[in-house]
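Taking this note's numbering, I'd label the letters of the sequence shown as residues 49 to 319.
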Amino acid sequence: MYAIFRFVSSFVLIGIVASALYIAILYAPADPPAVSSLRPPVAVEVSIVHLHDRTDYGVVDAFYPQFPSLPASVNTAISSVIRTAANEHLQHAQEYWRARIATASPTDNISSTPADPNQFQFYADWVPEYISPDLISITLRYGGFSGGAHGYEDIFTLTYDVRRGRMVSLSDLFPNDPAYLTFLSRFAREQLLPRLMTAYGLSDSTSDVQRQSITDAVVPSLERGTEPESDNFSYFAIRRNGIVWYFPRYQVAAYAAGEQHIFLPRPITSL
C-alpha cells in the first residue's frame with residue numbers, strides 16, 4: 049500500500065481512470081507511530097487517478113491523488129511528478145534493452161523487445177499523512193525496475209496550508225528557531241544511528257572489532273546524509289501528532305538498508 053509524466057508526442061496514454069472519493073482520514077502507517085484521534089474525522093474530497101500504460105518495453109500502473117478543492121497548481125505539482133517519472137521510466141527501460149542488444153554476442157539470442165514488459169513495471173501510490181479542510185499533507189512513493197542491478201523507489205512529499213493558501217516549507221515548521229537545521233541534523237543522527245547499527249549486524253554478542261567495522265560502515269554515510277542542509281530534510285509530512293522526515297535509499301545508508309525515517313512528536317496545533 050505504502051508509496052510525474054508530461055504528454056509527449058511519442059508517448060501513448062492507454063488509460064486514466066479517475067474516481068471521485070470522499071475520504072475521512074485519520075491515518076498514518078504503523079511505523080512511525082499511528083496518529084491519535086484529536087479531532088473528529090472530516091470528509092475531504094479526493095479524486096484518485098489511475099495511470100495505466102503499456103509499451104513494448106514496460107508497463108505503468110500508478111495511482112495518485114487530486115484534490116478538487118485545492119488550486120490547480122497544487123494538483124499539477126502532484127500529477128507532474130508521477131507523469132514525468134513514468135515517462136522517464138519507460139524511456140530508461142527502452143534504452144536499457146537496446147543497450148543489451150547492442151552489446152550482446154551473436155550467441156545471446158536477445159529478442160528485439162522484452163518477452164514480458166511487466167518486468168519493467170513502474171508503480172506509484174500515496175499515503176494520506178494528514179487530510180483536513182485546513183491542511184493537506186501527503187507522501188507519494190514511485191519506482192520500479194528499468195534495468196540494472198536492482199529496482200529503485202523515489203519519494204515525493206507535499207504539504208499545503210489551505211488556510212493561508214500556500215505550500216508549507218521546511219522553515220515554516222520552525223518559525224522561531226533559526227538553528228533548526230542544526231537541531232534536525234543532531235536529532236536525525238540520534239534516531240538513526242542505533243537503528244542502522246542494528247541493521248548492519250550489531251548485537252549484544254558483537255565483538256569490539258566487529259563493532260568498529262560496523263561503525264566505520266555506518267557513520268560516514270549517515271553523517272553525509274544528515275548534514276545541516278535543507279536538501280537533506282526536504283521530504284517531510286505532517287501528521288496529527290507530529291512530523292515525519294523520510295530519507296530515500298542511499299541518502300543515509302547503503303541501498304540494502306532501505307528507506308529510513310525519523311519522527312518528531314509535536315501537536316498539530318503547534319504548527
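Note that beta-carbon positions come from the ideal geometry of N, C-alpha and C, so glycine has one too.
If I measure Cβ to Cβ from P23 and keep anything under 8 Å in the same chain, skipping five residues before and after, which residues do I get?
Residue 23 is absent from the structure shown; the chain starts at 49 and stops at 319.
For R102, does the three-state DSSP call read helix, strand or coil?
The answer is strand: DSSP assigns R102 an E or B state.
Since F235 is in the beta strand (DSSP E), which residue starts that stretch and which ends it?
That residue, F235, is in no beta strand (DSSP E); its alpha helix (DSSP H) goes Y228 to A247.
Between the beta-carbon of A110 and the beta-carbon of F170, is there less than 8 Å?
Yes, they are a contact pair.
Tell me the DSSP secondary structure of L270 in three-state form.
In the structure shown, L270 sits in a helix (DSSP, three-state: H, G or I).
With 16 other CB atoms within 10 Å as the buried threshold, where does G290 fall?
Burial call: buried.
Per the contact definition of three or more C-beta pairs closer than 8 Å, is the region 233-251 in contact with the region 203-222?
Contact fails: fewer than three Cβ-Cβ distances are below 8 Å.
Can you tell me where the alpha helix (DSSP H) with A303 in it begins and where it stops?
What sits at residue 303 in the sequence shown is Tyr, not Ala. Note, Y303: premise wrong, no alpha helix (DSSP H); not H, not E.
What runs of the beta strand (DSSP E), each 3 residues or longer, lie entirely inside the region 150-208?
With a minimum length of 3 residues, the continuous beta strand (DSSP E) runs that stay inside the region 150-208 are 169-179 and 183-192.
Roughly how many angstroms separate the alpha carbons of H137 and D256, rounded to a whole number?
Taking the straight line joining both Cα atoms gives about 45 Å.
Less than 8 Å between the C-beta atoms of A265 and T187, yes or no?
For A265 and T187, no; Cβs fall outside 8 Å.
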